[in-house]
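Here's the structure, in structure tokens; my notes come after.
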Amino acid sequence: MTSKKELKLFSNASAIFFDFDGVIKDSVEIKSNIFGELFKDFGVDLVQKVKKHNDNNGGISRYEKIPMYMEWAGIAASNEVLNKYLEEFSTLTMKKVIDSEWIPGVLPYLKKNYNRQLFFILTATPQEDIEIITSELKIKDFFICIIGSPTKKSEALQQLLNENSIRATSAVMIGDSYEDYDAAKFNSVPFILKKNIQNKNLQKNYNLTMIEDFNDEQI
């Protein structure tokens, strides 16, 4: 059980860096299913392998995953074919992510606290897509800055700390993947894990501050 003292990291932080999928929107499984859909013609075993990899590597960009999955499928990764897969993935995911459920409590927290704390999004979703998604959801104005792929999360976090004169120890990053944790650790920013079924290894193997959602009475 996470203590009240530990969760004060969140409510008392001057700046919060949010991952998007799995932290703001419950969209991790949606993307996993779409990755599987893209490669369904290559057999059930490959689909399961692709989905399992995505579940275990939620913070890695599609720009890294899709070429890897194409290689597993034996597809020659020309720019033309790669772009076709990337475009299809973007088309399939955009509406489903927008329509997906909010992580419980996150929208009220954003509305209540965006004038009190500095909010940022760091995501593996491509920059153009996340700009459209947050605009459609009418939450873009809650965030000082939103950074997506191809910028690495560790680089984005370092950049935003410097540009906004934020002390690492007064900030917090909330994510649901090893990549989120690694970005926070690299920049000496306290980290909070948003628990889900895909990150059980993180829950088990690392001594992390964790929350179920944003309705936790201690937040």
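Residue numbers (our numbering): 147 to 365. Virtual Cβ for every residue (Gly too), placed ideally from N, Cα, C.
- Going by DSSP, F337 is part of the beta strand (DSSP E) stretching over 337-340.
- According to the DSSP assignment, A219 belongs to the alpha helix (DSSP H) that extends over 208-219.
- Counting along the chain, the unbroken alpha helix (DSSP H) around I278 starts and ends at 273-282.
- Between T355 and I338, the C-beta gap is smaller than 8 Å, which places the two residues in contact.
- Per DSSP, F332 is one residue of the alpha helix (DSSP H) stretching across 324-332.
- Annotation: S157 to N259 spans about 9 Å, alpha carbon to alpha carbon.
- About 4 Å separates the Cβ atoms of D359 and P250, confirming a contact at the 8 Å cut-off.
- Cβ neighbours of I293 within its own chain (closer than 6 Å, five residues either side excluded): L268, A302.
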